[in-house]
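Heads up: the structure comes next, in structure tokens.
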Amino acid sequence: MQAAAVRALALQSGSEVAAILLDHWQYTPKAKEAALAALLAREDRTRPLLDAVAAGKVPATDFSASQIEALARHKHEPTRDRARVVLATVIPPSREEVAAKFQPAIALTGDSARGRGIYAGRCSVCHRAGGEGLELGPDLLTVKSRGRDSLLAAIINPHQEVAPQYIAYEVNTKDGNAYLGMISRDEASSLSLRIMGGAEVNLPRANIRGSSSSGKSLMPEGLEAGLSVQEMADLLTFIEQLK
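Note that the sequence shown covers residues 1 to 243 in this note's numbering.
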């Protein structure tokens, strides 16, 4: 069944729609996207969809991140609880759960040399430290004295407190390009953005279609993924001991 047929079927109100859509879960990417949207649009279709996930007929990995988040926070409690069970393998841990996991790192003794390696692999593309790395976010030397609690919070929850100069903006141009970065220069005739990788792009205002910001940092959540509590302690120690 192709996307157009799926969308046409979704307009029907009969109770059999969910069963038809779920009967043979072999769709093209566009058709699968349309099928999921149709099934999630109504409560009486969402329940059989979650049952199909539980039965292994629909892979949990077929859901987008926004769909997973919406189901995990569904207003209908039974649906929300069911989703959290059947989608457990793809629901990312909350920032609160991650913060609780790494809280012991604050009191652990860290190894600065090992922390330097973690910085090089995960942080240097955006932060300078000890003369190394790219200058997109703040130089870590300038934040070293904040204390381990504050440093850990900034790593785990990068969007919680964002200084104005580090807020990310998306700028769309009239020739169809989109740029995500921080405003480095704002002039009457042009706008300059510093983008991931440290490069700076200069955009003539005459070619800008529009811009927007969510107030978030360019630093993504989840940079701690794969680290042990001890490795987080090593990273914190490296930052604290910068000179």
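For each residue, glycine too, the CB sits at the ideal point set by N, CA and C.
According to DSSP, residues forming a beta bridge with residue i
i: Asn172; result: Ala178, Gly210
i: Arg194; result: Met182, Glu200
i: Ile20; result: For Ile20, which the question treats as bridged, DSSP gives no partner whatsoever.
i: Ile167; result: Ser217
Collapsed DSSP secondary structure at residue i in the structure displayed
i: Glu221; result: coil
i: Ile156; result: helix
i: Ser64; result: coil
i: Val201; result: strand
i: Ile106; result: helix
i: Ala129; result: strand
Whether residue i touches residue j by CB criterion (7 Å)
i: Ser213; j: Ile167; result: yes
i: His127; j: Leu108; result: no
i: Ala3; j: Ala34; result: yes
i: Ser190; j: Glu200; result: no
i: Ala60; j: Val90; result: yes
i: Thr292; j: Asn202; result: A question about residue 292 goes unanswered here, because the residues of the chain that appear run from 1 up to 243.
i: Gly110; j: Asp234; result: yes
i: Arg80; j: Leu50; result: no
Close-in-space but distant-in-sequence residues of the same chain around residue i (CB under 8 Å, 5 per side omitted)
i: Leu9; result: Met1, Val17, Ile20, Leu21, Ala38
i: Glu170; result: Ala178, Tyr179, Leu180, Ser211, Ser212, Ser213
i: His76; result: Glu43
i: Gln67; result: Leu36, Leu40
i: Pro204; result: Ser189, Ser190
Residues near residue i by beta carbon distance below 6 Å, same chain, minus five either side
i: Pro158; result: Ser217, Met219
#### Entry: Segments of 4+ residues assigned as alpha helix (DSSP H) that fall wholly inside the segment 25-85
29-40, 43-54, 65-72
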